[in-house]
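Visitor: This is the structure, below, for whatever I ask next.
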Amino acid sequence: MQLYCWGTFRDGLIIIRIAEKKGYALLVTLKEVLDNARSGCYAVPAFDCSEDVMVRAILEAAEANRAPVILMCLQMQLEGNGWVYLPGLIKAVADHHKIPIVMHLDHADGIEPVRKAVDLGFTSVMIDGSRLPFEENVAITRAVVDIAHRHGVSVEGELGHVGGMDLEDKEHFDSVLTEADEVKRFVELTDVDALAVSIGTGHGVYRARPTLNIARLKELNAASSAPLVLHGGSQTPDDQIQDAVRNGICKLNIFADQRLAMFRGLKRSAMQDRTDPLPHELFGPIKQELAALVAEKIELLYAKNKADEFTKQSLCQD
Ligand SMILES: [Zn+2]
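Spelled out as structure tokens, the structure:
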């Protein structure tokens with residue numbers, strides 16, 4: 036039996052978990068999967084998840100397609116017991132699924148949620164300083180990197196701003212394209228492991244078809260020593276997504292497409308003849324629609340079967 040140690044140390048508190056290592060670490064970092072994706076010219080799908088049925092459907096579909104996967108928790112959806120339930124569930128099941136899994140905090144807005152995520156065993160965090168002036172964005176991102184890297188946790192920053200609708204569907208924010216001449220300086224000053232860039236996508240459901248600025252992406256990718264991330268990946272035409280992956284996007288964030296898929300499943304569930312459907316009859320169609328979407332995105336991003344390649348390259352340290 037081989038042992039794998041995993042833990043965090045802060046404020047005199049040490050949490051160490053020792054588990055039987057069955058060829059896989061419990062969770063891997065964003066840096067590990069994205070460095071592999073960059074060298075292999077594919078992207079790792081990143082799914083925001085806020086319910087246990089989502090965690091299960093995503094992990095089972097990713098494992099069936101032998102793909103690495105990033106489970107993201109949005110800070111605002113962790114409030115209250117979310118901080119206990121979601122990371123608790125993901126950590127408990129991660130070792131069961133024989134694929135690389137990253138547990139990532141999405142869109143943290145400050146230091147405190149990052150500290151909390153590090154303590155809870157997240158292997159990656161995103162700090163979103165994209166609406167701040169450049170120097171302030173650098174300062175907060177650098178502060179997060181200093182905390183996270185001490186614990187072996189990866190950090191994603193954002194430069195430029197991916198706008199779109201807020202999650203309550205009330206307010207719209209304009210996008211600001213990322214400038215190539217700022218990228219090199221931002222990555223050097225902050226030491227981020229991944230950089231989210233703005234090249235024409237927006238968060239939420241689109242009102243008009245987006246057009247990605249691939250010429251700009253090429254410049255950004257050439258300027259960045261860190262792998263690039265695309266937010267607002269839902270509903271972007273497949274050919275444009277694949278073009279973006281071929282030109283440097285290594286992580287695609289997907290949330291709105293999941294909501295659309297789950298809503299299709301919910302409508303199917305509501306068609307039951309039975310007045311007291313069993314839980315699997317209620318949640319089954321939702322999970323099926325979500326699993327089909329996950330499989331589709333894995334194929335789209337050239338991530339199918341990459342788990343095996345990744346395992347050989349970086350997880351098998353025996
Ligand atoms: Zn985002």
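Start counting at 1 in the sequence shown, then tack on 35, and there's your number in this note's numbering.
All C-beta atoms, glycine included, are put in the ideal place defined by N, C-alpha and C.
State yes or no: is the C-beta of Glu-79 within less than 9 Å of the C-beta of Ile-105?
Guide: This sequence places Val at residue 79; Glu is not what is there. In this structure, Ile-105 lies closer than 9 Å to Val-79 by Cβ.
Visitor: Hey, out of Ile-162, Gln-112, Gly-198 and Asp-216, whose CA is closest to Asp-181's CA?
Guide: When only C-alpha atoms are compared, the closest one is Ile-162.
Visitor: Does Asn-288 pass the burial test, meaning 16 or more other C-beta atoms within 10 Å, or should it be called exposed?
Guide: Its Cβ being crowded by 16 or more others within 10 Å, Asn-288 is buried.
Visitor: Using DSSP with H/G/I as helix, E/B as strand and the rest coil, what is Asp-181?
Guide: In this structure, Asp-181 counts as helix in the three-state DSSP scheme.
Visitor: Restricting to runs no shorter than 3 residues, where is the beta strand (DSSP E) found entirely within the stretch 219-246?
Guide: Within the stretch 219-246, the complete beta strand (DSSP E) runs of at least 3 residues are 229-232.
Visitor: In three-state terms, what does DSSP make of Asp-46?
Guide: Caution is warranted here: a pLDDT of 37 is assigned to Asp-46, below 50, making its placement in the model unreliable, and no coordinate value can be reported.
Visitor: Distance, Cα to Cα, Arg-101 vs Glu-217?
Guide: Distance between the alpha carbons of Arg-101 and Glu-217 is about 36 Å.
Visitor: State the DSSP-derived secondary structure class of Asp-83, mapped to helix, strand or coil.
Guide: Asp-83: strand per DSSP, three-state reduction.
Visitor: For Asn-340, name the three-state secondary structure that DSSP assigns.
Guide: In the structure shown, Asn-340 sits in coil (DSSP, three-state: anything other than H, G, I, E or B).
Visitor: Between Gly-235 and ligand 1, is there a pair consisting of the residue's CB and a ligand heavy atom that are separated by less than 8 Å?
Guide: For ligand 1, not one heavy atom lies less than 8 Å from the Cβ of Gly-235.
Visitor: To the nearest angstrom, how far is the alpha carbon of Thr-158 from that of Asp-141?
Guide: Looking at the two C-alpha atoms, the distance is approximately 12 Å.
Visitor: Give the DSSP-derived three-state secondary structure of Asp-206 in the structure shown.
Guide: The sequence given here places Glu at residue 206; Asp does not occur at that position. In the structure shown, Glu-206 sits in coil (DSSP, three-state: anything other than H, G, I, E or B).
Visitor: Starting from the N-terminal side, write out each stretch of the alpha helix (DSSP H) that is 4 residues or longer and does not extend beyond the stretch 119-195.
Guide: Whole alpha helix (DSSP H) segments, 4+ residues: 146-155 and 169-185.
Visitor: Just to confirm, is the Cβ distance from Ala-92 to Ile-136 under 9 Å?
Guide: Not in contact: Ala-92 and Ile-136 (Cβ atoms no closer than 9 Å).
Visitor: Select from Leu-109, Ser-260 and Glu-193 the residue whose C-alpha is nearest the C-alpha of Met-138.
Guide: The shortest Cα separation from Met-138 among Leu-109, Ser-260 and Glu-193 belongs to Leu-109.
Visitor: Check whether chain B comes within 9 Å of His-132, counting only Cβ atoms and requiring the distance to be less than that.
Guide: No chain B appears in this structure, which consists of one protein chain only.
Visitor: Just the Cα atoms here: how many angstroms apart are Leu-113 and Gly-123?
Guide: About 12 Å.
Visitor: Taking only heavy atoms of ligand 1 into account, decide whether any of them is closer than 8 Å to the Cβ of Ala-198.
Guide: Per the sequence shown, residue 198 should be read as Gly rather than Ala. For ligand 1, not one heavy atom lies less than 8 Å from the Cβ of Gly-198.
Visitor: Going by the C-beta, is His-142 closer than 8 Å to any heavy atom of ligand 1?
Guide: Checking the Cβ of His-142 against ligand 1 gives yes.
Visitor: Determine the burial state of Gly-267: buried for a count of at least 16 other Cβ atoms within 10 Å of its Cβ, exposed for fewer.
Guide: Classification for Gly-267: buried.
Visitor: Starting from Leu-263, trace the alpha helix (DSSP H) both ways and give me its first and last residue.
Guide: Leu-263 -> not in any alpha helix (DSSP H); beta strand (DSSP E) instead, spanning 263-265.
Visitor: Looking at ligand 1, does it come within less than 8 Å of Asn-131, judged from the CB to the closest heavy atom?
Guide: Note that residue 131 is His in the sequence shown here, rather than Asn. The answer is no for His-131.
Visitor: By DSSP, does Leu-109 sit in helix, in strand, or in coil?
Guide: Leu-109 falls in the strand class under three-state DSSP.
Visitor: Is the beta carbon of Ala-78 within less than 8 Å of some heavy atom of ligand 1?
Guide: Answer for Ala-78: no, Cβ out of range of ligand 1.
Visitor: What does the alpha-carbon distance come out to for the pair Val-160 and Ile-284?
Guide: The straight-line gap from Cα to Cα measures roughly 18 Å.
Visitor: Let me check understanding here. Comparing Cα to Cα, which of Ser-304, Tyr-337 and Leu-313 lies closest to Glu-324?
Guide: Nearest option by C-alpha distance: Ser-304.
Visitor: Distance check for Pro-272 and Ala-243, CA to CA, integer angstroms please.
Guide: Spanning the two alpha carbons is a distance of roughly 11 Å.
Visitor: Give the DSSP-derived three-state secondary structure of Gly-199 in the structure shown.
Guide: It is a strand residue.
Visitor: Should Asp-343 be labelled buried (16 or more other beta-carbon atoms within 10 Å of its own) or exposed?
Guide: Per the 10 Å Cβ criterion, exposed.
Visitor: Only counting the same chain, and skipping five residues up and downstream in sequence, which positions put a Cβ closer than 7 Å to that of Asp-226?
Guide: Cβ neighbours of Asp-226 beyond the five flanking positions: Val-180.
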